[in-house]
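Residue numbers (the numbering used here), protein chains in the order written: chain V, 1 to 221; chain U, 1 to 240; chain Y, 1 to 212.
Every residue, glycine too, gets a C-beta built ideally from N, C-alpha and C.
Bear in mind the structure is a predicted one, so any value in this text is a computation, not a measurement.
Here is the structure we will look at.
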Amino acid sequence: MSSKAYALYKKDFYSELRTRYAINALVMFIIVAISVILFSIGNEKITQSLTSGLFWVVIFFSAMSGLARAFVSEEERGTSLTLHLIAAPSTIFSGKLLFNLILVFCMNIIIAILYAALFDSFIIKNFALFIVSFVLGNVGLATASTIIAAIISKAGAKGTLYPVLSFPILLPLILTAVQLTLLANQGASFGDAKFELAIVFCYDVIMLTGSYLLFDFVWKD
Amino acid sequence: MFWKITLFILLAFVSVAGIAFPIVPVPHTWYEFPLIPGLKENAKIIFFHVPTAWLSAVAFFMSTLYSIKYLRKKNLDDDAKSYAAAQLGIIFCVLATITGAVWAKFAWGSYWSWDPRQTSIFALLLIYGAWFALRSSIESEEKRATLSAVYSIIAFLTVPFFVFIMPRIMIGLHPGSESIEGGKVIQTASPVVDFKMNGNMLAIFFLSLIGFTILYFWMWTIGYKSILIREKINKQSIRE
Amino acid sequence: MSNYSLKAVDLSKNFGRRLIFKNLNFEIENCGVMGISGANGSGKSTLVKIIAGINSPSGGKIIHSSDGKEITYEKLHNYIGFVSPYLVLYEEFSAWENLDYFAKIRDVKFNNDKIEYLLNKFLLFDRKDDLVKTYSSGMKQRLKFIFALMHSPELIILDEPTSNLDSAGKDSVYKIIEEESKSSIVILASNEENDLMLCSKELKLENYKNNK
Chain V
1 MSSKAYALYK KDFYSELRTR YAINALVMFI IVAISVILFS IGNEKITQSL TSGLFWVVIF
61 FSAMSGLARA FVSEEERGTS LTLHLIAAPS TIFSGKLLFN LILVFCMNII IAILYAALFD
121 SFIIKNFALF IVSFVLGNVG LATASTIIAA IISKAGAKGT LYPVLSFPIL LPLILTAVQL
181 TLLANQGASF GDAKFELAIV FCYDVIMLTG SYLLFDFVWK D
Chain U
1 MFWKITLFIL LAFVSVAGIA FPIVPVPHTW YEFPLIPGLK ENAKIIFFHV PTAWLSAVAF
61 FMSTLYSIKY LRKKNLDDDA KSYAAAQLGI IFCVLATITG AVWAKFAWGS YWSWDPRQTS
121 IFALLLIYGA WFALRSSIES EEKRATLSAV YSIIAFLTVP FFVFIMPRIM IGLHPGSESI
181 EGGKVIQTAS PVVDFKMNGN MLAIFFLSLI GFTILYFWMW TIGYKSILIR EKINKQSIRE
Chain Y
1 MSNYSLKAVD LSKNFGRRLI FKNLNFEIEN CGVMGISGAN GSGKSTLVKI IAGINSPSGG
61 KIIHSSDGKE ITYEKLHNYI GFVSPYLVLY EEFSAWENLD YFAKIRDVKF NNDKIEYLLN
121 KFLLFDRKDD LVKTYSSGMK QRLKFIFALM HSPELIILDE PTSNLDSAGK DSVYKIIEEE
181 SKSSIVILAS NEENDLMLCS KELKLENYKN NK
């Protein structure tokens with residue numbers, strides 16, 4: 001099971017290296033988004049809560065520009081039938097989720113590094129808390145966007161529909177993740193953040209189970 | 001016919017009573033409402049605002065329920081029922097948002113202040129909007145039914161976060177939510193149902209809730225039946 | 001000789017509220033060629049997709065079984081080989097890479113000798129390391145046959161197998177069908193007389209459109 005999903009991930013990975021369907025656009029998007037924020041801030045000092053909010057704004061929109069790729073590229077090129085013929089839905093979902101997880105992690109690590117370098121008020125005081133919430137947040141983001149990507153790949157007007165459908169689903173995650181980033185930047189302890197961590201953890205588990213169960217319906221015509 | 005007239009009388013009575021009954025510090029007669037600290041005359045909106053909010057949630061729940069049913073049985077009638085429920089849901093959701101915002105302007109001083117309940121109703125509005133956007137972008141009936149069913153179930157999974165969790169991480173202004181004053185968590189007003197309402201106020205509140213709920217189910221039945229009839233006519237006209 | 005059996009029970013399919021076919025029953029065991037014929041848009045491709053488990057029927061069911069045991073949907077894909085004009089392979093990979101990934105994703109052993117044999121047979125061996133996007137449509141069609149046969153499936157579904165092929169290609173396809181039908185079930189959806197000549201049994205979709 002896992003070896004099949006891994007093989008599918010590898011196929012996607014090498015396909016991405018050859019076509020650069022997502023990566024180029026994604027990297028440019030991150031640069032553009034961060035520079036727009038920097039221009040609009042100018043010389044002003046912004047607060048920590050605003051920085052952690054903006055941090056997740058950039059993450060959300062970058063995710064929206066890149067994560068649909070996993071399914072949309074298959075659907076647009078007509079290869080989803082091929083995929084149907086070589087793998088079970090559970091394999092496909094796991095493989096695509098793995099691809100999106102790795103993409104989200106790479107993307108968000110770049111964003112975090114750029115933020116730490118460019119924003120004076122983005123200082124992580126509790127690094128362990130930041131890492132834990134970062135990982136949990138990324139898992140939730142990748143899971144929810146993978147299932148939504150599967151849905152929109154079967155619909156028309158894919159590009160505009162993706163953020164529209166994802167935003168309400170991701171809203172609880174993003175609101176909590178903003179709080180957590182803020183707490184980590186303020187140097188709060190794990191004890192202070194345990195409620196928020198529990199929320200993000202529950203979100204991950206619920207979304208993972210829900211999308212895993214529902215994927216069959218989306219995938220089978 | 002009889003129950004339609006009953007419903008009309010009920011809703012007419014609730015509307016008149018809800019607006020016209022005076023609020024006094026110490027109610028003596030049956031048509032006087034008590035004064036609730038912090039709400040004052042604004043309290044009257046609960047007769048209209050709470051039912052709309054309640055129905056937008058009921059409609060969402062029913063839409064999800066019929067979505068699940070559709071995925072199990074693949075019967076397009078269930079999709080029509082789910083669609084009819086969501087259509088009403090978005091209307092009530094807009095009404096709840098507007099009545100809430102108007103009330104907030106007088107009670108809290110601004111139309112919108114990202115109170116947890118406002119955030120939740122806003123999210124619900126977004127979910128409805130996204131759901132209709134998704135539906136309009138899919139041609140094939142079956143695919144539309146399946147994908148929108150899946151989406152509404154996924155959206156439903158986020159409901160516990162909005163209902164139980166958002167109010168705890170955000171500071172609330174809404175009656176019934178906790179708020180922080182001087183480092184201590186205090187209750188500004190108790191939850192909606194055990195509001196400091198007296199008997200007659202509660203009675204009218206529940207009458208209004210029941211009246212609006214019946215109205216909703218009536219509208220929903222007409223809604224999905226008309227969808228089914230329209231489809232039948234379309235099918236006939238294609239064949240001829 | 002495999003012990004594969006394919007059975008359709010009261011199969012029906014609607015698109016929305018439009019009927020494609022209904023009350024479709026058939027059964028094939030072990031081996032043989034079954035043809036599916038019907039006018040354009042009569043639902044041939046839909047039927048083969050339902051048989052392959054890609055689409056779901058509106059009513060009834062398809063039962064695949066091997067050695068008397070029913071095959072679950074999760075495992076079905078490894079028993080089936082599928083060729084059709086609307087099948088697309090990954091254009092950014094070479095033929096060899098495509099086949100290699102397919103074997104890995106299917107989790108079946110990559111049989112070098114068999115793949116080389118097939119590549120030779122379909123005259124693609126010299127081009128095996130070229131990207132698929134440089135192929136002509138006939139070459140892509142031939143590659144699809146290799147894709148369908150590489151894992152030795154027990155059920156081979158061919159939807160318009162000879163489209164885009166020259167006469168040499170058609171002959172090799174007929175040879176393959178003849179060969180494979182000795183050991184496995186072949187389902188052939190087509191309108192061409194020559195294709196349907198090979199079938200021991202024919203299913204005419206016109207007969208299942210009765211709306212009463």
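Nearest residue (CA-CA) to residue i, options the options
| i | options | result |
| --- | --- | --- |
| Cys93/U | Ser226/U, Phe2/U, Tyr216/U | Tyr216/U |
| Asn55/Y | Tyr73/Y, Met34/Y, Arg142/Y, Ser181/Y | Tyr73/Y |
| Met166/U | Phe8/U, Ile233/U, Asp115/U, Val50/U | Asp115/U |
| Phe145/Y | Glu160/Y, Ser45/Y, Tyr208/Y, Leu6/Y | Glu160/Y |
| Leu175/V | Ala123/U, Leu157/U, Ile214/U | Ala123/U |
| Asp10/Y | Asn23/Y, Leu19/Y, Tyr4/Y | Asn23/Y |
| Phe122/Y | Leu131/Y, Tyr101/Y, Gly138/Y, Lys75/Y | Gly138/Y |
| Gly100/U | Ala86/U, Thr119/U, Gly89/U, Ile9/U | Thr119/U |
First and last residue of the uninterrupted alpha helix (DSSP H) at residue i
| i | result |
| --- | --- |
| His151/Y | Note, His151/Y: premise wrong, no alpha helix (DSSP H); not H, not E. |
| Asp216/V | 194-219 |
| Met64/V | 48-66 |
| Val9/Y | From DSSP, Val9/Y is part of no alpha helix (DSSP H) but of the beta strand (DSSP E) over 4-15. |
| Ala5/V | 2-19 |
| Glu92/Y | Looking at the DSSP string, Glu92/Y is not in any alpha helix (DSSP H), and its letter there is neither H nor E. |
Contact test: residue i Cβ vs the ligand SAM heavy atom, cutoff 7 Å
| i | result |
| --- | --- |
| Leu170/V | Because no ligand of any kind appears in the structure shown, any question about the ligand SAM cannot be addressed here. |
Burial state of residue i, where buried means 16 or more other Cβ atoms lie within 10 Å
| i | result |
| --- | --- |
| Leu106/V | It should be noted that the sequence gives Cys, not Leu, for residue 106/V. Looking at its Cβ environment, which holds fewer than 16 other Cβ atoms inside 10 Å, Cys106/V is exposed. |
| Ala128/V | exposed |
| Gln187/U | Residue confidence for Gln187/U is low, a pLDDT of 44 falling below 50, so the modelled location carries little weight; the figure read from the coordinates is stated next. Looking at its Cβ environment, which holds fewer than 16 other Cβ atoms inside 10 Å, Gln187/U is exposed. |
| Trp218/U | exposed |
| Tyr83/U | buried |
| Ile156/Y | buried |
| Val205/V | exposed |
| Ser80/V | buried |
| Arg20/V | exposed |
| Gly35/Y | buried |
| Lys184/U | Note that Lys184/U scores 42 on pLDDT, short of 50, meaning its location in the model is unreliable; the coordinates nonetheless yield the value given after this. Lys184/U comes out exposed. |
| Arg18/V | exposed |
| Thr143/V | buried |
| Trp131/U | buried |
| Pro168/V | buried |
Per-residue DSSP class, three states only, for residue i
| i | result |
| --- | --- |
| Phe127/V | helix |
| Asp77/U | helix |
| Ala17/U | helix |
| Thr24/V | In the sequence under discussion, the amino acid at residue 24/V is Asn, which differs from the Thr named in the question. Correct three-state label for Asn24/V: helix. |
| Lys22/Y | strand |
| Val164/V | helix |
| Gly81/Y | strand |
| Pro22/U | coil |
| Glu32/U | coil |
| Glu27/Y | strand |
| Lys69/Y | strand |
| Leu123/Y | coil |
| Ser113/U | coil |
| Ser121/V | coil |
| Leu126/U | helix |
| Leu165/Y | coil |
First and last residue of the uninterrupted beta strand (DSSP E) at residue i
| i | result |
| --- | --- |
| His64/Y | 59-66 |
| Gly35/Y | 32-37 |
| Ile156/Y | 155-159 |
| Leu203/Y | 201-204 |
| Cys189/Y | Checking the sequence, you will find Ala at residue 189/Y rather than Cys. Looking at the DSSP string, the run of the beta strand (DSSP E) that includes Ala189/Y is 185-189. |
Neighbourhood of residue i by C-beta, 7 Å cutoff - its chain only, sequence neighbours within 5 removed
| i | result |
| --- | --- |
| Ala177/V | Trp56, Ser133, Gly137, Val200 |
| Leu95/U | Thr52 |
| Thr162/Y | Lys170, Val173, Glu192, Asp195 |
| Asp194/U | Note that Asp194/U scores a pLDDT of 43, beneath 50, so its modelled location is shaky and nothing firm can be said. |
6 Å CB neighbourhood of residue i in its chain, flanking five on each side removed
| i | result |
| --- | --- |
| Ala150/V | Phe71, Val218 |
| Ala107/U | Asn42 |
| Asp78/U | Tyr66, Lys69, Tyr70 |
| Asn98/Y | Leu89, Tyr90 |
8 Å Cβ cutoff, residue i in contact with chain A
| i | result |
| --- | --- |
| Thr19/V | No chain A appears in the structure shown, which is made up of the protein chains V, U and Y. |
Sequence-distant residues of its chain with Cβ nearer than 8 Å to residue i (five each side left out)
| i | result |
| --- | --- |
| Gly18/U | Lys44, Phe47, Phe48, Ile204, Ser208 |
| Glu142/U | Lys74, Leu76 |
| Leu165/V | Ile148, Ile151, Ile152 |
| Lys133/Y | Glu91, Glu92 |
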